[in-house]
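The structure appears below as C-alpha cells.
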Amino acid sequence: MSSTVSETTQEHAHADDGKFHLFVQIAMILAVITGVEIVLIYLPIVKWLVVSMLVLLSLVKFLLVIFWFMHLKFDKLFCTILFFIGLVLAGGTVAALLAIFSPHDSVPLSAQAIYAERAAAAK
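Residue numbers (our numbering): -13 to 109.
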C-alpha cells in the first residue's frame, strides 16, 4: 500500500517539475519579447510600423500571461468566455473615454480664438 502512495507522490512531483520548467520557459519568452520591444523603440523605423509591432508583441505577451499564468488554458470554456466578455467591455470603455477626452479638447483656447467663437455664434 505504501509503495502505491509513494509512486503517486513521485509522479505528482515530476508533473509539478514539468509545469515549473514550462513557467520558466514562458517567463524567458516574455523577457525576450520585452527586450525586442525596447530595442524596437530605438530603431530608425517608420513610426506606424513600430507602433504596430509593439501592439502585436504586447498582444502575444498578454495571451501568454492570461493563458498560462492565470491558468485560463486549464479552466472551463465558460470561465474563459466570461473573462473575454469583461475584457471587451473594458476595452470598449477605454476606447469611449479616449474618444470623449481627446487631446484636441484639452488644449486651451487663446483669447482671440474665444472672441472669434463668440462672434461666430452671435451671427
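We put the CB at the ideal spot given by N, CA and C, even for glycine. Because the structure is a prediction, the values reported are computed rather than measured.
Item to check | Cα-Cα separation, Leu8 to Val36 | outcome: 30 Å
Checklist entry - Over what stretch of residues does the alpha helix (DSSP H) that includes Phe87 continue unbroken? => result Phe87 -> no alpha helix (DSSP H), and no H or E assigned at all.
Next on the checklist: Quick check: what's the CA-CA separation for Gly78 versus Leu16?
Outcome noted: 26 Å
Next on the checklist: Let me check understanding here. Comparing Cα to Cα, which of Val22, Val51, Leu29 lies closest to Gln11?
Outcome noted: Val51
Checklist entry - Taking Cβ to Cβ, would you say Leu58 is nearer than 8 Å to Phe69? => result yes
Next on the checklist: If I follow the unbroken alpha helix (DSSP H) through Ser44, where does it start and stop?
Outcome noted: 33 to 50
Checklist entry - Taking the Cβ atom as the reference point for each residue, do Lys47 and Ile19 lie within a distance shorter than 8 Å? => result yes
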